[in-house]
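Numbering-wise (our numbering), the sequence shown opens with residue 19 and increments by one.
We put the beta carbon where it would ideally sit given N, CA and C, even for glycine.
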Amino acid sequence: MLHRVILLLLLPAPALAQTPSVEERKNYVVGAQDVLKVTVFDEPQLSGTFRVDVDGAFTYPFLGRIKAVGQNLRTIEADLARLLADGYVRRPQVAIEVEQYRSRSIFVVGEVRSPGKYALTGEMTLIEAIAQAGSTTENAGAEILILHSGDPEQSEQAEPDATPETRTVRVNLADLQSGKVLNNVMLREGDTLFVPKAQRFFVTGHVRSPGAYTFDRGMTVLQAISLAGGLTEKGSNRGIKVVRVVNGQKKEVGVKLTDAIQPDDTIVVRQRLL
């Protein structure tokens, strides 16, 4: 099936979002519970890992409480260097990295093997988040819905829903597998990824493999019949009907081969007259 996310990890490098630059990492704004790795060159006793407490600060040797929440790494580096230069280290060189991102999180729910809450580690992409959740299950559909918790930023990364109030972005997994890098959306704090269960349609009558099949948006009657192995020797491509639920009632609808089908449609292929 085209929508197995685990296969996305085998995509060539151009299909994956770029690794954030040093500049982007240094501009990361620290949050509570993040774990910072501080390195003071040639001063091992002043280097180490420090957890940012809920009050927004961490305890540092000699200097006491250092404010971190709401500041980017570059600012904290400059503050530490200034404070250490005041009687502790001559011309200190300070580098800070985030060892563990604990302040930001996303949610992955639906048809994934390990749904739940996950830490948003740096510049995380859609593929990385789904991989952390163990990839999709066999019952997953062909799209992922990304529900943004904050105000949506308009972008060309994926096709937004028609209603902006929903703040939902739909991403087609087959497009990701084909190497469309813009569909590998960068996630934001509080995002919820929802992998819906695959919708089905049915093909019955004079086809080689009648049964239930996974629905893909935009699929035509001809494509659906092809998935069912095509017509048998007695099958006719004329007079094809679709049994469809309309306003809660089943109705038989005449269709052409180029018409789009809908979820839960039953396509009925009749026998040739001659």
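- The count of Cβ pairs closer than 8 Å, one atom from the region 123-137 and one from the region 199-213, reaches three, so the stretches are in contact.
- Distance from the CA atom of A103 to the CA atom of S123, rounded to whole angstroms, is 36 Å.
- A137: member of the beta strand (DSSP E) spanning G134 to A137, first to last residue.
- Secondary structure of R262 (DSSP, three-state): strand.
- A check of alpha carbon separations from A86 across L98, P79 and F80 identifies L98 as the nearest.
- With respect to K135, L91 sits apart: the two C-beta atoms are not nearer than 8 Å.
- In this structure, the straight-line span from the alpha carbon of A278 to that of M237 is close to 6 Å.
- Taking the Cβ atoms as the reference, E146 lies roughly 18 Å from N190, outside the contact range of under 8 Å.
- Annotation for A75: the continuous beta strand (DSSP E) segment containing it runs A75 to Y78.
- Spanning the alpha carbons of L249 and K198 requires a straight line of approximately 34 Å.
- In this structure, the beta-carbon distance from L165 to T186 falls below 8 Å.
- Setting aside the 5 residues that flank it on each side, L291 is surrounded in the same chain by S254, each with a C-beta closer than 8 Å to its C-beta; the list follows chain order.
- Within 10 angstroms of the beta-carbon of T67 lie fewer than 16 other beta-carbons, which makes it exposed.
- For the 8 Å CB-CB criterion, L138 and Y119 form a contact.
- Its chain contains G128, E129, N157, A158 and G159 as the residues whose beta carbon lies nearer than 8 Å to that of K215, once the 5 sequence neighbours on both sides are disregarded; these appear in chain order.
- R235 and P110 have their C-alpha atoms spaced approximately 59 Å apart.
- V239: member of the alpha helix (DSSP H) spanning V239 to L245, first to last residue.
- Within the region 122-166, the complete beta strand (DSSP E) segments at least 3 residues long are 123-128, 134-137 and 161-165, listed from N- to C-terminus.
- At least 8 Å separates the beta-carbon of R69 from that of F80.
- Taking each of E141, E115, S153 and I84 in turn and checking the Cα distance to P133, the smallest one comes out for S153.
- In the assembly as shown, D52 is a buried residue. Its beta-carbon has 16 or more other beta-carbons within 10 Å.
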